[in-house]
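Protein chains in written order, with the numbering used here: chain A, 435 to 726; chain B, 647 to 1053; chain C, 22 to 256; chain D, 5 to 232.
As structure tokens, the structure follows; a few thoughts come after it.
Here it is as structure tokens:
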């Protein structure tokens, strides 16, 4: 008897565990793999593969609009997506147009230019292969306007140079002149608004990537209203995987998302362990209550 | 030499022949020497693009007999525009072979245009055919949205009808909504414990209907806190929300007969920054330990930070949002959650206003419409798929089109 | 400019990294309990972030969308690209409404500010009405109108497909029934509503589970920053 | 006057925006985007009220030396410094016409050194809260809670090796129960059904609320007819 009551108090304690122990375990689950540099690869799912194939099948020189609708806070999730898309687009010889619905997004695209385009694709020319159009206020209203008149809002690039001076802006009058829109988002306005205000009314292929929070919300739009999308870091890792499968030379360069998946796995396992512990304590508690 | 002669001929035939054609000139001269006449498009018609804001003219033509068929020489089509049947024609577009439509979106509204089209082959241009005159105009109705108009009108009629029924005093039954029954319980508990009530109207501005719905619920809660003399704290993250919130709370205190208890500090601005706001609200929670926390409005990632902090201080928590992404966190961490539509029903439910209740019944009519169409649509589509019957397939297509964004 | 020279030096960068790292630790300290470090970081965050968004609004909305549209020729100093544009008179409306809103500061005429609020509410109602009708009502109904059975698949796939479609269609219908307000959830209707809740719970569980990934990524980002700071890599 | 005119403004603005969807002709064309710019401008004016309120609250706290008043000094000075740096474009290349967020500017420096780390860290707290919430909420207490738990569990173990090794041995006919397959099914079938129903409900709720606002039935935001 004495033994059992001791057990019960143990489970009782576990059931109402001070959440700071959970916090500690999560911190360790993230820090240790980061220090040990534990990595993992994720095979591509159809959702991501379809978007990859779309970019793959577009004829070289196609126009891809990439909108940066996020800030530094979700950059760990969104930036690897932007990196993977850009590598793929340039590999295929497409033209990339960078813009932002979030003021913070313009800085993220600058980072893309500084850290990826200038380093890995120095041969790509500004104004011929890619252009940075910057941020404009107006949220979904902006998309609305761009759909009917792109040049009404974007008369200059981010530096203030008139777009007439860039060969790649020739023939861009509305959003319909793009072959693919990639919305990289983490909230409102974001990928969903690109579907609602550009893809649907303009019948333009929309794809993109969102943080894992937003991803389940996009499933209803797939596959009819969206080509495909990357859900969170895992989506980015899957795109990297697809890219490496098709172009093995990216094996070394394109590993950003895959390396961040290490802490992901351990933290998930910790949470799963806690859920199991929680349920065991609950079941033990309940059977005890039933007995008395 | 003969090659140059051919070039000259080409130049003469196509006065506006694009440079790109020369770039494609094959080095194998045999292909060039074969000079043939290309048949023009089968027909050509132009009309003002319907349902638009003007400035667009749609051109349609039949493929040239040599486009993909016959000698298969056609590489594309060249389109020219002039402001009269004769005179200067400028080039407005070129399209690849296999295309039968082009929208000229550079037309000036109200100007009369004539268009000419010619099939382009490596060996030269076909005869040009002309169509026109045509004038682009703005239209008063967007026909592609006719279906949307019908659906909108149906819903408006249904909702207005029940609002009217409510206004004339018909009895309308509305089921119990657990999260809203909890409002009185929460206010009561705060009063007993002598602690405050925290109300968070989301982090979006007044252009989001969820914020408006949250503020409408705030009005009902404020009436209760005024009656029970319970302290109310409403930190907001938008300046406009602050203005509207103050007006609302002030009115509620007035209606409850306690304007003396109202002061502007009840509703106060923190910052527009999502996480700055949540950092401050977390601070308020752990320091003031409110007995009840309401989160009603539009929420993003901060939802769980708020709900977990609220749970750690033991507050009774009622949440409600129409952000599908955040509902799971509220459901997991709060005592009661108003799911999606329930948020918009809340102010009607709490106010017990007959007209407002009527609008809820109107929403139910909308749900009935949705369910009927889903069931019929799925049924017809399934029958069409099984039988392969043309009539059923057409009916199924029509039903789907009824709910498409481009009718 | 001199400021530029100072703030882009390696020393300024190092100081910036240290400030960032300390603020990061201060916020994390909240996980243990409320404390003066958290209070400091919180109060600093409120101050600078409120100013941040005001500044952004000033330079990206007020200047280009109001002043540059009403007085384009006077914008040479701050927005040279606006000079030469035609004046757009309709922007007097937001200017007037904006000024009207400020009457709140004078309590005697504060009621006047409701005009501006009325515009805001009307705007919210008008835009949301059609937006949600299109993308969330009409589109979602259409997406659900799919045949339960698609000929041509193998037996196993066909059974799986029919089952999935039935779950989707049945799930949508039952969950809509759960939202029904004007009918008591009793009998068959009540059972359907109950199934509706189950569908909603499955959706919430899935979406919660999916989100965990996002949250861990954020923490990974922050922890990498701290690890780099400790190792001196980003000073 | 105090209530009728605002109600009329709401009605006219709301109705014209709804009509604008169906009418491509001027003046309805582009009304949506025009009004959204109007709205943004009004919201900027509102900042004067919000910022003023923030300063008032904290300055009064400092003046009365209320609890934690020293921290209010941090808020006020942070606010002043950031606002000054941004509005005066301190240190920005190109003077008044330069980019207010430009590199080398004080605004940009403060953003990188303070704003960005604070924002990202606050956001990352969610990793901890998501764990503690799962521990508390995912217990098989009722049938609803069990469904919530099972769905979350399947998705949670999906990106881990556990998700693979737990079920990879299943025979071919049962492969649909393999976690990677099952999780995709949960996301694209029951999850989608739930999300759709929520979306349809929300759309109806918004349509009805908008209508109540336009018709002036919901008017709590307008305050009273009496002295305002």
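Idealized CB from N, CA, C, for every residue including glycine.
Just so it is clear, the structure is predicted and the values come from calculations on it, not from any experiment.
Counting along the chain, residue 501 of chain A sits inside no alpha helix (DSSP H); it lies in the beta strand (DSSP E) bounded by residues 497-503. The continuous beta strand (DSSP E) containing residue 881 of chain B extends over residues 878-882.
In this structure residue 25 of chain D is in contact with residue 791 of chain B, their Cβ atoms being roughly 6 Å apart against a cut-off of 8 Å.
Chain B has a Cβ within less than 8 Å of the Cβ of residue 647 of chain A. Straight through space, the alpha carbons of residue 630 of chain A and residue 174 of chain D are spaced by roughly 41 Å. Annotation for residue 536 of chain A: no beta strand (DSSP E) segment contains it, and DSSP assigns it neither H nor E. Considering only beta carbons, the part of the region 141-171 of chain D lying closer than 9 Å to chain C consists of 141, 142, 147, 148, 149, 150, 151, 152, 153, 154, 155, 156, 157, 158, 159, 160, 161, 162 and 163, in chain order.
Nearest C-alpha to residue 228 of chain C among D:203, D:148 and D:191: D:191.
Within the region 578-589 of chain A, those residues whose Cβ lies closer than 8 Å to any Cβ of chain D are, in chain order, 578, 579 and 582.
Residue state for residue 845 of chain B is assigned as strand, using DSSP reduced to three classes.
Contact between residue 51 of chain D and residue 885 of chain B holds, with the beta-carbon distance rounding to 5 Å and staying under 8 Å. Note that the C-beta distance between residue 643 of chain A and residue 503 of chain A is not below 8 Å. C-alpha of residue 655 of chain A to C-alpha of residue 199 of chain D: approximately 11 Å in a straight line. Taking each of B:996, B:856, B:936 and B:948 in turn and checking the Cα distance to residue 828 of chain B, the smallest one comes out for B:996. In the structure shown, residue 189 of chain D falls within a helical segment according to DSSP collapsed to helix, strand and coil.
Counted as a single uninterrupted DSSP element, the alpha helix (DSSP H) harbouring residue 135 of chain C occupies residues 135-153. Taking C-beta atoms as the reference points, residue 1004 of chain B and residue 808 of chain B count as a pair closer than 8 Å. The region 110-125 of chain D makes contact with the region 496-514 of chain A: 3 or more CB pairs, one atom from each, lie closer than 8 Å.
Within the region 622-698 of chain A, the complete beta strand (DSSP E) segments at least 3 residues long are 640-644 and 663-665, listed from N- to C-terminus. The CB of residue 847 of chain B never comes closer than 7 Å to any CB in chain A; the least such distance is about 16 Å. Taking C-alpha positions only, residue 585 of chain A is separated from residue 219 of chain D by approximately 38 Å.
Inclusion of residue 149 of chain C and residue 44 of chain D in the CB contact set at 8 Å is not warranted, their separation being larger than that value. Neighbourhood of residue 465 of chain A in chain C, by CB distance below 9 Å: 244, 247 and 248, in chain order. DSSP places residue 126 of chain D in the helix class (H, G or I) of the three-state scheme.
Going by C-alpha positions, residue 817 of chain B is about 20 Å away from residue 826 of chain B.
Of all alpha-carbon atoms in A:554, A:557 and A:576, the one lying nearest the alpha-carbon of residue 536 of chain A is that of A:576. For the region 216-230 of chain C, residues whose beta-carbon sits nearer than 7 Å to a beta-carbon of chain A comprise 227 and 228. Residue state for residue 965 of chain B is assigned as strand, using DSSP reduced to three classes. Contact holds between the region 873-880 of chain B and the region 830-842 of chain B, because three or more Cβ pairs, one in each stretch, are under 8 Å apart. If you check the CB distance, residue 685 of chain B and residue 723 of chain B do not come in under 8 Å. Annotation for residue 461 of chain A: the continuous alpha helix (DSSP H) segment containing it runs 453-470.
Scanning chain C for C-beta atoms nearer than 9 Å to the C-beta of residue 854 of chain B yields 145 and 149, reported in chain order. Contact holds between the region 447-464 of chain A and the region 692-706 of chain A, because three or more Cβ pairs, one in each stretch, are under 8 Å apart. For residue 718 of chain B, same chain residues with a beta-carbon under 7 Å away, outside a window of 5 residues either side, are 712 in chain order. In the three-state reduction of the DSSP assignment, residue 702 of chain A falls in the helix class. At least 8 Å separates the CB of residue 899 of chain B from every CB of chain C.
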